[in-house]
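All residue numbers for the sequence shown refer to UniProt numbering, where the first residue is 1 and numbers rise by one. Where is the CB? At the ideal position from N, CA and C, for every residue including glycine. Quantities reported herein were computed from a predicted structural model and do not represent experimental measurements. This report concerns only the one structure given below.
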Amino acid sequence: MSKYWIDVPSKTHTTTDDVIRVANQIIEGLDQNCKTVDVYNSYILVCGIAKRTDLAFAAYNEMLKTFIILDIRTYKSLIFACANKSDLDQAFNTIDSSINSIFFSLKSKVWVKTMIHLGIGALIAKWLIFSLATVVQDINTLAVTGIGLSAFLSMRYAMHTIFKDTTNSEIDDHDFDISSDLKLGKMRPREIRKHMYIYLMSFLLRNEKFNEALVVLHQMANNEIPLDIISFNKIIVNLCRARNSSVALETVIKFQEHGFRPTKQTFQPIIHSFIFMNHGCDEGMRESLYNLMNDNNVSFPNLNVL
Numbered sequence: 001m002s003k004y005w006i007d008v009p010s011k012t013h014t015t016t017d018d019v020i021r022v023a024n025q026i027i028e029g030l031d032q033n034c035k036t037v038d039v040y041n042s043y044i045l046v047c048g049i050a051k052r053t054d055l056a057f058a059a060y061n062e063m064l065k066t067f068i069i070l071d072i073r074t075y076k077s078l079i080f081a082c083a084n085k086s087d088l089d090q091a092f093n094t095i096d097s098s099i100n101s102i103f104f105s106l107k108s109k110v111w112v113k114t115m116i117h118l119g120i121g122a123l124i125a126k127w128l129i130f131s132l133a134t135v136v137q138d139i140n141t142l143a144v145t146g147i148g149l150s151a152f153l154s155m156r157y158a159m160h161t162i163f164k165d166t167t168n169s170e171i172d173d174h175d176f177d178i179s180s181d182l183k184l185g186k187m188r189p190r191e192i193r194k195h196m197y198i199y200l201m202s203f204l205l206r207n208e209k210f211n212e213a214l215v216v217l218h219q220m221a222n223n224e225i226p227l228d229i230i231s232f233n234k235i236i237v238n239l240c241r242a243r244n245s246s247v248a249l250e251t252v253i254k255f256q257e258h259g260f261r262p263t264k265q266t267f268q269p270i271i272h273s274f275i276f277m278n279h280g281c282d283e284g285m286r287e288s289l290y291n292l293m294n295d296n297n298v299s300f301p302n303l304n305v306l
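Here you go:
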């Protein structure tokens, strides 16, 4: 066990270099069979927080060389690292390289789950037939019943897994959640790309990197995946939930300057935050909000509370 001991800084306040040194000692001290995708993902995340994209992508390349199957968290950690360093070119390249990997990885999981469910259904049918054998004496009747039960139960258990990926993409867009990966299994490559772009944009906005977020907005348009108003409203909601109402308001202002028109639903979480959540609204913010709403012919009956 001595090879796993590392020198952890005992100081109350550690520097970024101290954290990276400890992280490197941990990852280097592990046997290769202990370096799972979760271990690498955690290491990449630490590197991303420290803005060490060189180390993050070195770990990513090592994963490729050792044939470790990458998951969505791997790519999101890399995108986080790029965004934290404002390296958008690298972030866009990472998104491009992630699409097919994520898509085929998710599809493989769906079919594996489908086969497991088919097997479970067949196994249950098998034991039911054994039970029926004590009651039904006719072997032909028993055989037909067994085939029918096997087919019905197998398909019944596999139905949800098979058909969950054939949902309409337009419905998926209305149910889009930028903070969740649960719906990725329903998405096509184009929708996965959109999901990753919006993840990148939302992180940049949380850190008040408005210019970089606008670059992402134009990159989406250039790739013929324009940001829709429903996804934009979800970004505003998430900012308000994170007590970043002033950032949400500034985001609406900046995006309108680039041709993105807000709706009444865009303003609702901002108004709610200022009135009911006591997030604070000074005179300058109040004036900006009034002007912005007037420009878009939006009004709320209880806005005079501000």
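Per DSSP, what kind of secondary structure is residue i in: helix, strand or coil?
i: L227; result: coil
i: T251; result: helix
i: R269; result: One detail in the question is off: residue 269 reads as Pro in this sequence, not Arg. Correct three-state label for P269: helix.
i: residue 307; result: Any question about residue 307 goes unanswered here, given that the chain covers just 1 to 306.
i: P189; result: helix
i: L30; result: coil
i: E208; result: coil
i: R261; result: coil
i: S288; result: helix
i: K35; result: coil
i: R243; result: coil
i: V215; result: helix
i: H195; result: helix
Would a check of beta-carbon distances place residue i closer than 8 Å to chain B?
i: V298; result: As a matter of chain content, chain B is missing from the structure shown, which is built from one protein chain.
Classify residue i: buried if its beta carbon has 16 or more other beta carbons within 10 angstroms, exposed otherwise.
i: F67; result: exposed
i: E191; result: buried
i: T15; result: exposed
i: G29; result: exposed
i: S98; result: buried
i: D54; result: exposed
i: L214; result: buried
i: N222; result: exposed
i: Y199; result: buried
i: Y43; result: buried
Where residue i and residue j are concerned, what is the direct C-alpha to C-alpha distance, given to the nearest angstrom?
i: L205; j: H258; result: 15 Å
i: M293; j: E212; result: 25 Å
i: R193; j: R241; result: 25 Å
i: P189; j: T74; result: 17 Å
i: N61; j: I69; result: 12 Å
i: H272; j: A58; result: 44 Å
i: H195; j: D38; result: 21 Å
i: D227; j: M220; result: The sequence given here places Leu at residue 227; Asp does not occur at that position. Taking the straight line from one Cα to the other gives about 7 Å.
i: T263; j: K186; result: 28 Å
i: N100; j: N93; result: 13 Å
i: G296; j: Q268; result: Just to set this straight, residue 296 is Asn in the shown sequence, not Gly. Distance between the alpha carbons of N296 and Q268 is about 13 Å.
i: N84; j: K51; result: 6 Å
i: G48; j: I20; result: 10 Å
i: Q25; j: D18; result: 11 Å
For residue i, collect the residues of the same chain with a Cβ closer than 8 Å to its Cβ; drop the 5 residues on either side in sequence, then sort them by chain order.
i: S288; result: L249 and I253
i: I95; result: Y75, I79, R193, M196, Y197 and L200
i: E208; result: V247 and E250
Heavy atom of the ligand ADP less than 7 Å from the Cβ of residue i, yes or no?
i: Q32; result: Looking for the ligand ADP in the displayed structure turns up nothing, as the structure carries no ligands at all.
Which same chain residues end up closer than 6 Å to residue i when comparing Cβ atoms and leaving out the 5 residues on each side of it in sequence?
i: M201; result: A213 and V216
i: F210; result: K254
i: I27; result: Y43
Sorted by chain position, which residues of the same chain lie with C-beta nearer than 7 Å to residue i's C-beta, five sequence neighbours on each side aside?
i: I229; result: T263
i: S299; result: M293
- Run through the stretch 40 to 103 for me and flag every whole alpha helix (DSSP H) of 4 or more residues, listed as ranges in chain order. 53 to 65 and 72 to 84
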